[in-house]
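Residue 1038 is where the sequence shown ends in the working numbering, and the numbering goes up by one at each step. Encoded as structure tokens, the structure appears first; notes follow it.
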Amino acid sequence: MATICKVRILVLGDSGVGKTSLVQLLCHDEATNNPAYTIGCSVEVTLHEYKAGTPEERTYFVELWDIGGATQHKNSRYIFYNPVHGIILVHDLTNRKSHQNLRKWLAEVLNKGLNKDANEYVFDPESFVGSQIPILVIGTKVDLAQSLRENILSRRSTVAEECGACELNLDCKQKKSLAPGTTNAVKVAKFFDKVIERRFHSQDYGGQGHSLTVQNQIRYSKNSHCD
């Protein structure tokens, strides 16, 4: 029975920015127009070919943990923040506040809800560098941004700069936004590779990670490990 290792990636951002639509696009190649708001957390899984096309190619499961952005759940969602192997920060290109709040989301994850109210978390770039968690920043609703003629499509995310993260902009309602071979799809694949590299090929992690079997993709042991 083949064993496939897995990594956990948190998908974070304010409520309504398009996290659920993004996850559906990434995992199921489906464009979702009106998804329900996420309460708590929703987990989807996709297969990723690490270092595709090379002798080191290997299949991994990538868990995308879509964390609900409602403020009324801010004091309890920290239970989803451990372990974390990578983070996708999502903001609405037509909503500047949603981009500014990405720092609060990062600070919340780094503090894991300990000792402070979520509104008091302050993002410290130096503290983040020490965590070495791979980050991808995604701006959504690029179609609306273009129609509103906002000068944002060429503006680099300051959060991405602070974290040394890659970023991309897309329309989650269009399947072609992440079509194979596109720049966006390549960026996502490289990010997944980076998360896997950090998790399984880093001395800090000891080269170990969680795993699940092909025959047990849905119901699996949270405590299983790759050798």
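Positions of the beta carbon are idealized from the N, C-alpha and C atoms, including for glycine. Source: prediction; values computed, not measured.
In terms of Cα proximity to H902, the closest of V895, R914 and Y892 is R914. By the criterion of a C-beta distance shorter than 6 Å, G879 is surrounded in its chain by T849, I850 and G851, once the five residues flanking it on both sides are discounted.
Residues L904, G950, V953 and L964 of the same chain have their beta carbon placed closer than 7 Å to that of N980, with the five preceding and five following residues left out of the count. L875 and A1000 have their C-alpha atoms roughly 14 Å apart. Sequence-distant Cβ neighbours of D982 in its own chain, meaning closer than 6 Å and more than five residues away, are V953, D954 and S988. Closest in C-alpha terms to V873, from the list C816, A996 and L836, comes C816.
Each of L858, K984 and I946 was checked against the Cα of E841, and the nearest Cα belongs to K984.
By the Cβ rule, the stretch 969-980 does not count as touching the stretch 826-841, because fewer than three pairs are nearer than 8 Å.
Here the alpha carbon of K885 sits roughly 34 Å from the alpha carbon of Y861. For H859, the three-state secondary structure derived from DSSP is strand. Non-local C-beta neighbours of T993 in its own chain, meaning closer than 8 Å and more than five positions away in sequence, comprise K987, ordered along the chain.
Around K923, the same chain offers Y889, Y892 and N893 as residues with beta carbons nearer than 7 Å, after the five sequence neighbours per side are excluded. Spatial neighbours of K830 in its own chain (CB-CB distance under 6 Å, excluding positions within 5 residues in sequence) are listed in chain order as V822, G824, D877 and V901. From the listed residues H1012, V828 and L858, the smallest Cα separation to V948 is found for V828. In this structure, DSSP gives Y848 a state outside helix and strand, which the three-state scheme calls coil. Proximity to L858 across V920, K998 and Y871 peaks at Y871, based on C-alpha coordinates. Following the DSSP letters along the chain, one finds D1004 inside the alpha helix (DSSP H) bounded by residues T994 to F1011. Beta-bridge pairing by DSSP links H902 to G950. In this structure, P945 and V997 do not form a Cβ contact; the two beta carbons are roughly 16 Å apart against a cut-off of 8 Å. In this structure, Q943 is the residue among P991, Q943 and Q957 with its C-alpha nearest to the C-alpha of A976.
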